[in-house]
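Taking our numbering, the leading residue of the sequence shown gets 3, the next gets one more, and so forth.
Here a beta-carbon is modelled for each residue, glycine too, at the ideal position from N, C-alpha and C.
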Amino acid sequence: MIKLAVGAAGALVVIVGAVMLAPSGDEPAKATPPPKATPTPAPSTEAPAPELPVGVECRGADCAGQNPDEMGCGGDYARTVSTAQVGGARVEVRYSEVCSAAWARLTEAGAGDTVTITGGAAADEQNGAVAVTEAYTPMVAVKKAADAKACATLASGTEGCTA
């Protein structure tokens, strides 16, 4: 009889535990849906454009027709890459790697002298007229310095270009 009472008590504990752990009749059991897969964007084939240094306002085509000093492409970001002597004047190609742009500068110039820069895929051309003894052109977009050529025409008719 003791075995029967112990067995019945054990069965009662199992039944009570099952009832306590089972969901109540008020709330239906909810199945958790599997997480949805989010599509991964395709990788870009273009390299991200490098950030411009503080004070530099343009790069490449955005620089075309712009003033190199106002756009921050001159100064420390520019170098003279070719020169030519034209009469008493000197014509230079100035290039900014940061801006991917070039412009022409004419020094020791006189009134009526002009300077031109050509370069880039579209053979973009910009002109500048002399103010005092120095002139420079707006920029043209170029991928490399060798793509730009500067020419000067002096008031006397003498002409010359960088190589």
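Own chain partners of C153 with C-beta closer than 6 Å, once the 5 adjacent residues on each side are dropped: Stepping through the sequence shown from its first residue, residue 153 is reached at position 151. Closer than 6 Å at Cβ, skipping near neighbours: T118, C163.
G162 at chain D interface by Cβ criterion, 9 Å: Among the chains of the structure shown, chain D does not appear; only one protein chain is present.
Cβ-based burial, L23 [other Cβ within 10 Å; buried from 16]: Taking the sequence shown and counting its residues from 1, the one referred to as residue 23 is at position 21. Note on L23: pLDDT 49, under 50, position unreliable in the model; no value is reported.
Runs of alpha helix (DSSP H) lying entirely within the region 41-121, each at least 4 residues, in chain order: None, since the region 41-121 contains no complete alpha helix (DSSP H) of that length.
Proximity to E53 [Cα-Cα], best of G90, R81, V88, V100: On the sequence shown, position 51 is the one that residue 53 refers to. Nearest to E53 by C-alpha distance, out of G90, R81, V88, V100, is V100.
T118: CB within 8 Å of a non-hydrogen atom of the ligand ADP: Ligands displayed in this structure: none; no statement on the ligand ADP is therefore possible.
For Y79, the nearest candidate out of R96, T120, A86 (CA to CA): Working through the sequence shown from its first residue, we reach residue 79 at position 77. Scanning R96, T120, A86 for the CA closest to the CA of Y79 turns up R96.
C-alpha distance - C75 paired with A150, whole-angstrom precision: Taking the first residue of the sequence shown as position 1, residue 75 is located at position 73. Taking the first residue of the sequence shown as position 1, residue 150 is located at position 148. If I take the Cα positions, the gap works out to 16 Å.
Where the beta strand (DSSP E) containing A157 begins and where it ends: Within the sequence shown, residue 157 is the residue found at index 155, counting from 1. For A157, no beta strand (DSSP E) segment is defined, and its DSSP state is neither H nor E.
DSSP-derived helix/strand/coil call for A150: Taking the first residue of the sequence shown as position 1, residue 150 is located at position 148. For A150, the three-state secondary structure derived from DSSP is coil.
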